[in-house]
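Chains as they are written, first to last, in numbering that gives the first Met the number 0: chain A, 0 to 237; chain B, 0 to 399; chain C, 0 to 382.
A virtual CB, placed ideally from N, CA and C, is assigned to each residue, including glycine.
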Amino acid sequence: MIGNGILKGLAETARNFFGSYVSKDRLTTVQYPEQHIPQIEATRDFPFLVYDGADWESGMRCVACQICEKECPPKCILITKSTDKKPDAVGKPQFYPAVFDIDISVCMSCQICVEVCPFDAIKMDVQFDLPTDDRFGGLLLDRHKLAKSNEYYHQIHPTEATAVDTALAAERAKAAAAKAAAATPKPAAPAAPAPAAPKPASSTATPAPAPVAPMPVKPAEPPIKPLASESSKPGETK
Amino acid sequence: MIAAALTTQDVDQIFVLIKHALLACVPAALQPIASAVLSIIPILVAFPLLFAITTVLERKGLGRMQNRYGPNRVGPAGFFQPIADGIKSLTKEDVVPLSADHAVHFLAPILLVIAAFLGYAVLPIGRNMVLVNLNAGVLFFFAVGSVVELSVFMAGWSSRSKYSLLGAMRAIAQMISYEVPLVLASVVVIMQAGSLSLVTIVESQSGYTGIFPHWYLFTPWGIAGFILFMIAATAESNRSPFDLPEGESEIIAGYFIEYSGFKFALFFLAEYLGMFATSSLAITLFLGGWAAPLSFLTFIPSYVWFFLKLLVLICFFIWIRGTLPRLRMDQLMGFAWKFILPMALLNIFVAGLWRFLPAGPLNSIRWLVCIGVLAAPCIVLSFSLKQKKKLLVRTYHFAE
Amino acid sequence: MSTLTLPTPFLSPEPGHEERLLEISMGPQHPSTHGVFRMNVVLDGERVVRLKPVFGYLHRNHEKIAENETYLSSMPYTDRLDYICSLTNNWGYALAVEKLAGITVPERAEYLRVITGELTRLLNHACLLGFLLQDMGASGTPLMYAFREREKILDLFEALTGARMMCNYMRFGGCRVDTPAGWLDQARKVVAEFPRFLDEFEKLLVSNEILMERTQGVGVLSRELAISSAISGPMARASGLNYDIRKVDAYGIYPRFTFRVPLGKHGDVYDRYMIRFLEMRESLKILNDALRDIPAGPIIDPKSKPRGFRPKPGEAYGRIEAPKGELGFYLISDGSPNPYRYRVRPPSLINLTVLEDLCLGHNVADVVVILGSVDIVLGEVDR
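In structure tokens:
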């Protein structure tokens, strides 16, 4: 009978119309800016620099190795190394970035800079509403604007931050143990490329293109169940 | 005290009483002109206000059908949105193409609005509330309605743009083809009422048997006539699913593509006013005009019933718009000439049958015969149209 | 070998109408051309006599940029090729590089790839059905229903990869990051709710007379023309060509899943539309199986690392069944960190080459519908 399909369609639309007053499923609008969608933990928007402690300048983890600058696909990171050194979290004197600019009008939020950073210094922020009316410098974030504390990092990405903190603490403990062992006349074990600690960066700290360690791949890998930590990085499962 | 003295009759006739009171203040020589002006002003106020409310209702209704809110920021629940839209269209730059025919380009929307408003002159909005009681009211309405087609073509032609030309050609073809079934669907009512005057038509539907009204809708030829009239009215006002002339996704606004600012708003105003006018005519012809649907509801004033019925029809238009995709040009024309027109002619024959058949218990003989005569060709026609194009729901097979 | 009659490039207009031909440009700014795409259409009345597509408005030098970037840096750029289905683009590129360098992928990563790939297929087809109906004038209602479902899948992607559309998730040798807590259950929930949307859609549209009238018999693509023009994907399968790269190449772990390939007979717009609809149901089957069987394990090849990737000199062509067709990546390496030549085989562009043959003789209103059924995304056509 002509019109049959049309009537079915009309019934469907009417069901949605009346349903939108009754069930949340049929009215999915979130009225921004009064309401916000709850933040999904893994969201990434633009990078920021992590600093430990209270002072952003002395606590910054970045050592200006310029790896992120090289690997950034649209080349939006601009780093100038400092000429002096300051001690890092382990105590070794390291360079620090005198200038660290990210042009967020160019940045495409690909997160490659986070992946390649050996020092867990740069992470992804979750703020997307960063409007400005200064079109000449407003979207060029300098290192002061980029520096955010480790507590803030814990707030926005709890699982990731906890994993990073555990890894860094383990590395510091290992470095302290190595220093203690070096005090005795024994050949010091190399501190950095320890496969047992699931530290993401040390395996990639060596810039040589050859595969990192002539270490045997550990057969008993930590079983990564669906509740795996978020900070799994390539090359980590050693 | 005044409230106690007001009867339902007075509330029903309140606008008439106000008009008479105001007329009494005017010197006798100016009274005819004053009477005309006083009758026109409510129409000029009420229907554009209804237009404003309809735009918001449409957007909110479509939104709810699409699982979202409509406009809900401007004013309480978004009902001041038309004010914002009006300000926007008034303050936009009026861009006219350099090679356009300026005089015709300027006149087209004005003529369209005038034609749309003229149709309201013969519609009875309440008891004793008609602007002019012409004894050829229906004829006047249709005559004025065809001026709309002329102005649509003026708009499309004068813009000197290929898209608008395409849109204008389509619009003319569509409107002319659907004008015929529109008129034929109203002929049945004229036959039954025996008069072309809309006031007479409404009054002949205003009786009650028991609590049920005498509307022409409650007859088989009335139902068929109403459905055919509404389909033709949708096509006449270029509403979905017949909105190919302003096909938004193909020729992007068709004949008014080169209009901006206030003239664009005038086109929208005229389109909606035309929709209201044809719906009001449908209400007058088939739904009893200002008559209440049940006899114990007559205490509600007549104009309230008129506008309630108009709102129901508007909601129906919005519902159809939210559901159906657009018909293509040749399918649209085929539908008009091959289905709607034969059914309208058949309807006239059935109306005659109704008048001359014996009534039988509860009119059952008349009902059965008329429904049979209407339904059989309808089913046959629809099957034959489908078969010719072999439109079927297909089944698919899978590899391996 | 059958003789193949190619249609003439344009229909002759009716005699006497030559001066009355109207040439319009359905220009780059148009609500229904799925991006910045232009068609110069010559009309005789309402009939299309000639159609010339003009594109290139979105050309962004993707292939040239890739020659100056490392292999990994090209991965976020592949997201932006077919920007609706970023994960399948990633997968195609990763497949090509893995072929080039001889990298193997662990099992859990393969399952994750299949899950995200099929979710992307659901996304793309839902999007397409919604847009096709929007173009036909259904004023956005089916589009809103489709996007309601899309939002749920996009939330899944955001939880897994960090971004809704530009996912940048696959790496050479696996995936970038493992699923967070509760993701698999959320995914199972979304997949369980999806058939309800498909049933609603079916009720709303499949037997709708207006839809049938506008799509049946319109834009018929014959099987011979499909084969000779290298059409792939749902468009080819709607013309009766049984070619699904998931079955032909059997890449990844697709041989483990049982799914059927729907085929059409007529090759018109209705068939293409229904084939995509049926493919969505098949994808749901694959998703159910994959979400049930996904094992624990590493998600990336242990030997791979993000920096300093230098494949040996050679060439490789990796292709997948993207939702739009056969998406292929051709790489030539000369031993340096940057590829020597990087070429994308865009399915949208190849499928678009037959547009003129499909549209000749139809009305202007049909051109938009046919273009919608070809399913193009300008990011892929122009790269």
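Could you tell me which of C:326, C:227 and C:374 sits nearest to residue 116 of chain C, measuring between CA atoms? The shortest C-alpha separation from residue 116 of chain C is found at C:326.
Would residue 233 of chain C pass as an interface residue toward chain B - the criterion being a Cβ-Cβ separation below 8 Å? By this cut-off, residue 233 of chain C is not an interface position.
Check the Cβ of residue 64 of chain B against every Cβ in chain C and list those closer than 7 Å, keeping chain order. Going along chain C in sequence order, the residues near residue 64 of chain B (Cβ under 7 Å) are 140.
Other residues of its chain near residue 19 of chain A: CB distance less than 6 Å, five sequence neighbours each side excluded: For residue 19 of chain A, where only same-chain residues beyond five positions count, the Cβ hits under 6 Å are 25 and 26.
Check whether the region 275 to 287 of chain B touches the region 224 to 239 of chain B, taking contact to mean three or more Cβ pairs, one atom from each stretch, closer than 8 Å. The region 275 to 287 of chain B vs the region 224 to 239 of chain B: in contact.
Just to confirm the assignment: which complete alpha helix (DSSP H) runs, minimum length 4, are found wholly within the region 47 to 94 of chain B? Taking 4 residues as the shortest admissible run, the region 47 to 94 of chain B contains the following complete alpha helix (DSSP H) segments, listed from N- to C-terminal end: 80 to 90.
Beta carbon proximity, residue 165 of chain C to chain B, threshold 8 Å: Against chain B, the CB of residue 165 of chain C has no partner CB under 8 Å away; the residue lies outside that interface.
CB contact flag (residue 300 of chain B, residue 125 of chain B, <8 Å): In this structure, residue 125 of chain B lies closer than 8 Å to residue 300 of chain B by Cβ.
Examine chain B for any beta-carbon lying closer than 8 Å to the beta-carbon of residue 25 of chain A, and answer yes or no. For residue 25 of chain A, the answer is yes, since a Cβ of chain B falls inside 8 Å of its Cβ.
For a minimum of 3 consecutive residues, which ranges assigned as the beta strand (DSSP E) are wholly contained in the region 23 to 111 of chain A? Within the region 23 to 111 of chain A, the complete beta strand (DSSP E) runs of at least 3 residues are 46 to 50, 76 to 86 and 92 to 102.
Residues that residue 292 of chain C contacts on chain A, provided the C-beta gap is smaller than 9 Å: In chain order: nothing, as chain A lies at least about 13 Å away.
Is it true that the CB of residue 138 of chain A sits closer than 8 Å to the CB of residue 102 of chain A? A Cβ-Cβ contact shorter than 8 Å links residue 102 of chain A with residue 138 of chain A.
Going straight from the alpha carbon of residue 118 of chain C to that of residue 166 of chain C, what length do you get? Note on geometry: alpha-carbon atoms of residue 118 of chain C and residue 166 of chain C lie some 13 Å from one another.
Does DSSP classify residue 16 of chain B as helix, strand or coil? When DSSP states are grouped into helix, strand and coil, residue 16 of chain B belongs to the helix group.
Alpha-carbon to alpha-carbon, residue 98 of chain C and residue 292 of chain C: About 26 Å.
Within chain A, the residues that residue 322 of chain B reaches when beta carbons sit closer than 7 Å: What residue 322 of chain B touches in chain A: 8, 9 and 12.
When you compare the CB positions of residue 274 of chain C and residue 233 of chain C, do they come within less than 8 Å of one another, or not? With contacts defined as CB atoms closer than 8 Å, residue 274 of chain C and residue 233 of chain C qualify as a contacting pair.
Delimiting residues of the beta strand (DSSP E) encompassing residue 70 of chain C: Counting along the chain, residue 70 of chain C falls outside any beta strand (DSSP E), and DSSP gives it neither H nor E.
At what residues does the alpha helix (DSSP H) containing residue 43 of chain C begin and finish? Going by DSSP, residue 43 of chain C is part of no alpha helix (DSSP H) but of the beta strand (DSSP E) stretching over 37 to 43.
8 Å Cβ cutoff met for residue 148 of chain A and residue 45 of chain A: For the pair residue 148 of chain A and residue 45 of chain A, the CB atoms are not nearer than the 8 Å cut-off.
What ranges does the alpha helix (DSSP H) occupy inside the region 177 to 203 of chain B, keeping only unbroken runs of at least 4 residues that lie completely in it? List check, alpha helix (DSSP H) in window: 197 to 202.
Strictly below 7 Å CB to CB, what residues from chain C border residue 397 of chain B? At a C-beta separation below 7 Å, residue 397 of chain B has these neighbours in chain C: 259, 260, 261 and 262.
Pick out the complete alpha helix (DSSP H) segments inside the region 293 to 360 of chain C, 4 residues or longer, and give them in chain order. As far as the region 293 to 360 of chain C is concerned, its whole alpha helix (DSSP H) runs of at least 4 residues are 346 to 351 and 354 to 358.
How would you call residue 101 of chain B, buried or exposed, if buried means at least 16 neighbouring beta carbons within 10 angstroms? Counting Cβ neighbours within 10 Å, residue 101 of chain B comes out exposed, since fewer than 16 surround it.
Keeping to the same chain, check which residues put their C-beta closer than 8 Å to that of residue 120 of chain A; ignore five residues upstream and five downstream. Excluding sequence neighbours, residue 120 of chain A sits near 48, 49, 59, 60, 61 and 62.
Does the separation of the CB atoms of residue 204 of chain B and residue 287 of chain B fall below 8 Å? Result yes, Cβ atoms of residue 204 of chain B and residue 287 of chain B sit closer than 8 Å.
From this set, C:36, C:68, C:145 and C:127, which residue's C-alpha is nearest residue 57 of chain C's C-alpha? Closest option to residue 57 of chain C, Cα to Cα, is C:36.
Would you call the region 339 to 352 of chain B in contact with the region 176 to 188 of chain B, where contact means no fewer than 3 C-beta pairs closer than 8 Å? Taking a contact to require three or more Cβ pairs closer than 8 Å, the region 339 to 352 of chain B and the region 176 to 188 of chain B qualify as touching.
CB contact flag (residue 126 of chain C, residue 149 of chain C, <8 Å): Taking 8 Å as the Cβ cut-off, residue 126 of chain C and residue 149 of chain C qualify as a contacting pair.
Here's a check: name, in chain order, each residue in its chain whose Cβ is nearer than 8 Å to the Cβ of residue 298 of chain B, leaving out the five neighbours to either side. These residues qualify, in order along the chain: 7.
What in chain A is Cβ-close to residue 128 of chain C, meaning under 8 Å? Neighbours of residue 128 of chain C on chain A: none; closest Cβ ~14 Å, over 8 Å.
Which residues in chain B sit within 8 Å of residue 5 of chain A, going by Cβ to Cβ distance? For residue 5 of chain A, the chain B residues whose Cβ falls inside 8 Å of its Cβ are 322 and 323, in order along the chain.
Where do the ends of the beta strand (DSSP E) carrying residue 148 of chain A lie? 146 to 148 is the span of the beta strand (DSSP E), which, as asked, contains residue 148 of chain A.
Interface residues of chain B facing residue 266 of chain C [CB-CB closer than 7 Å]: Contact of residue 266 of chain C with chain B by beta-carbon distance below 7 Å is absent, the smallest such distance being about 12 Å.
With 8 Å set as the bound, which would you pick, yes or no: does the beta-carbon of residue 19 of chain A sit closer than that to a beta-carbon of chain B? At a cut-off of 8 Å between C-beta atoms, residue 19 of chain A counts as an interface residue with respect to chain B.
Pull up the distance between the alpha-carbon of residue 178 of chain A and that of residue 163 of chain A, whole angstroms please. Whole-angstrom Cα-Cα distance: 22 Å.
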